[in-house]
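In the numbering used here, the protein residues as written are 1 to 260.
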């Protein structure tokens, strides 16, 4: 700001672009980052937006000390223009927020970040960088390829809907599950769909929303309309307050821990 003011005083043509409120903080063992508009700010401004959630590894899962970063991305539902993002995790949050800050400053869309060519090596990133994954998820929503349900609506409708968990049984027992659901692993879904006659709508979920999205595409082939819980069970576990709806477990800090 001081540099821009000094340039103007000196007669040079300069300006200060809008501030994106990019910030990061250390909260005990977690890094918390944010950039751009929040959902509350967009609501106050009367701006229509869509939100997607996901959890992605900070680098290749097979490389030691990998850990999850939880993301929220806000964008225009019509053209995919990015509005804001938040991220929380143990490592790598600063990189992801900085990339997203650059994208928002340049008015990029979910389609742009989907195709970003970002540096990759197993110690530093996954083959598909988390920013790329956010772009893919957002682009699927804008293009009506993915039909998602948000957590608040999921909680309101799950008791009257057919809720399908697409994870393998051992994964759901280790990570937790939603009471009253049906466990139909993705590989068995076609057989289930061929005989199923679900009463009411179908809501799918998995760990982070990937296989449950695939499930909605499979079910569509059988004429069954389904929606996938964005963010998956990881999103649900933070909000579920009824102990009877959860299997207690400790979410692993690291995907692979070389100390064990």
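Ideal Cβ positions, reconstructed from N, Cα and C, are used throughout, including at glycine.
Buried/exposed call for residue i, threshold 16 Cβ in 10 Å
i	result
residue 123	exposed
residue 67	buried
residue 138	buried
residue 169	exposed
residue 9	exposed
residue 115	exposed
residue 58	buried
residue 7	exposed
residue 108	buried
residue 227	buried
residue 163	buried
residue 199	exposed
residue 62	exposed
residue 43	exposed
residue 121	exposed
Candidates the options, of which the one nearest residue i by Cα
i	options	result
residue 19	35, 28 and 142	35
residue 156	80, 229 and 2	229
residue 78	105, 48, 27 and 114	48
residue 166	213, 38 and 141	213
residue 119	162, 132 and 223	132
residue 27	217, 148, 2 and 91	91
residue 106	207, 11 and 17	17
residue 113	127, 95 and 136	136
residue 23	172, 129, 163 and 95	95
residue 84	57, 60, 121 and 41	41
residue 152	203, 128 and 180	203
residue 144	193, 50, 181 and 46	50
residue 104	43, 93 and 81	81
residue 178	43, 238 and 88	238
residue 210	180, 146 and 163	146
residue 159	182, 190 and 171	182
residue 191	161, 128 and 218	218
residue 231	180, 150, 161 and 188	150
residue 97	173, 194, 11 and 37	37
residue 154	235, 171 and 65	235
Cross-strand partners of residue i (DSSP beta bridge)
i	result
residue 31	26 and 89
residue 71	54 and 87
residue 205	165
residue 66	DSSP lists no partner for residue 66.
residue 131	Bridge partners of residue 131: none, in fact.
residue 149	229
residue 81	109
residue 2	Looking at the DSSP assignment, residue 2 forms no beta bridge with any residue, so it has no partner.
residue 36	84
Beta-carbon gap between residue i and residue j smaller than 7 Å
i	j	result
residue 75	residue 110	yes
residue 215	residue 186	yes
residue 52	residue 73	yes
residue 54	residue 224	no
residue 205	residue 233	yes
residue 32	residue 25	yes
residue 101	residue 93	no
residue 56	residue 130	yes
residue 69	residue 46	no
residue 13	residue 4	no
residue 126	residue 196	no
residue 188	residue 161	no
Below-7 Å beta-carbon distance, residue i vs any chain D residue
i	result
residue 70	In summary, chain D is missing from the structure at hand, where a single protein chain is found.
beta-carbon residue i near the ligand SAM non-hydrogen atom, thresh 6 Å
i	result
residue 43	The ligand SAM is absent from the structure shown, which contains no ligand whatsoever.
### Message
To test your reading of the DSSP string, which unbroken beta strand (DSSP E) runs of 3 or more residues are found completely within the segment 152-193?
### Response
Secondary structure remark: continuous beta strand (DSSP E) runs of at least 3 residues inside the segment 152-193, in chain order: 162-165.
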